[in-house]
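In our numbering, the protein residues as written are 206 to 378. No residue lacks a Cβ here, since even glycine has one placed at the ideal position from N, Cα and C. Just so you know, these numbers come straight off a predicted model, no measurement behind them. Following: one structure in structure tokens, then a few remarks.
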Amino acid sequence: MKLRVGGGGIFLAKQLGAVPVAMPATKAHESLRRGITAGVFFPFEAVKGFRLEKLVRHHLLVPGGLYTVPFFLTMNKKKWDALSANGKAALNKAGGRAGAKLIGRHWDAADKVGMEIARKNGNTIEDITPAELKKWRARTDAIFTEYLGKMKKAGYDGAALLADLRATVKSIR
């Protein structure tokens with residue numbers, strides 16, 4: 206099955222037996238409508254944002270999601286230095302853990318809206334079974350092996366970084 210994925214989802218889709226089709230999210234609607242892809246890796250908010258409720262009729266919920274995509278705000282040093290002290294303080298206050306939690310709450314709310322739109326349009330929404338989730342995790346654990354190898358090659362303790370990431374995620378939930 207051909208699935209629209211973002212760049213980070215290619216490895217995952219392959220491990221799960223799908224044929225990944227990398228394309229921008231903005232092309233997903235047209236790709237589904239024209240039959241280029243049969244499905245998408247998306248959060249539920251995309252049902253509303255990309256008008257998918259009539260194109261994607263079946264949804265599978267995976268606890269914790271399939272993958273994460275980091276978001277960040279960047280600014281070159283010259284622009285940062287040009288900000289007032291109040292401007293810097295405002296950006297620092299809005300960022301970090303507090304900013305991540307705020308954005309996370311908004312994303313969760315948007316996902317609920319997308320899920321409701323899907324339901325109202327007769328879409329089926331199913332939870333992955335524990336047995337199937339176990340199979341998926343076994344097939345996708347190779348991504349961690351690959352990551353640890355890359356980190357070691359770059360001179361980092363990948364196992365420590367991964368453990369820290371998992372502890373941080375656990376503390377936030």
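Per-residue DSSP class, three states only, for residue i
i	result
arginine 238	helix
alanine 315	helix
isoleucine 330	strand
proline 248	coil
valine 374	helix
proline 335	helix
alanine 243	coil
valine 209	In the sequence on display, residue 209 carries arginine and not valine. Of the three classes helix, strand and coil, the one that applies to arginine 209 here is strand, per DSSP.
leucine 266	strand
alanine 359	coil
alanine 287	helix
alanine 223	coil
glycine 300	coil
leucine 257	coil
Distance between beta carbons of residue j and residue i, contact taken as under 8 angstroms
i	j	result
isoleucine 330	leucine 266	7 angstroms
leucine 221	arginine 342	That pair is no contact at about 11 angstroms.
leucine 316	phenylalanine 249	Going by the sequence as given, residue 316 is aspartate instead of leucine. Between phenylalanine 249 and aspartate 316 the Cβ distance is about 4 angstroms, and since that is below 8 angstroms, they are a contact.
leucine 366	methionine 356	6 angstroms
glycine 214	phenylalanine 246	5 angstroms
Top-ranked residue by Cα proximity to residue i, from the options
i	options	result
lysine 306	Pro335, Phe276 and Lys282	Phe276
aspartate 346	Val210, Met206 and Leu217	Leu217
alanine 251	Ala294, Ile322 and Lys282	Ile322
alanine 230	Val224, Gly211 and Asp332	Gly211
isoleucine 241	Leu367, Phe247, Met356 and Met228	Met228
threonine 373	Arg302, His311, Gly360 and Tyr361	Arg302
leucine 296	Lys283, Thr279, Trp312 and Lys357	Thr279
isoleucine 377	Glu351, Gly304, Val318 and Ala314	Gly304
Beta-carbon proximity list for residue i, same chain, < 7 angstroms, skipping 5 on both sides
i	result
glycine 244	Met206, Leu208 and Val261
alanine 364	Leu353
Close-in-space but distant-in-sequence residues of the same chain around residue i (CB under 6 angstroms, 5 per side omitted)
i	result
glutamate 258	Val252, Ile322, Ala323 and Asn326
valine 318	Lys253
Residues near residue i in its chain [Cβ-Cβ closer than 8 angstroms; skip 5 each side]
i	result
leucine 338	Val267 and Pro268
isoleucine 348	Phe216, Leu217 and Gln220
tryptophan 312	Pro248 and Glu250
arginine 256	His234
Taking contact to mean 3 or more Cβ pairs, one atom from each stretch, closer than 8 angstroms, check whether the segment 269–282 and the segment 222–235 are in contact. These segments do not touch.
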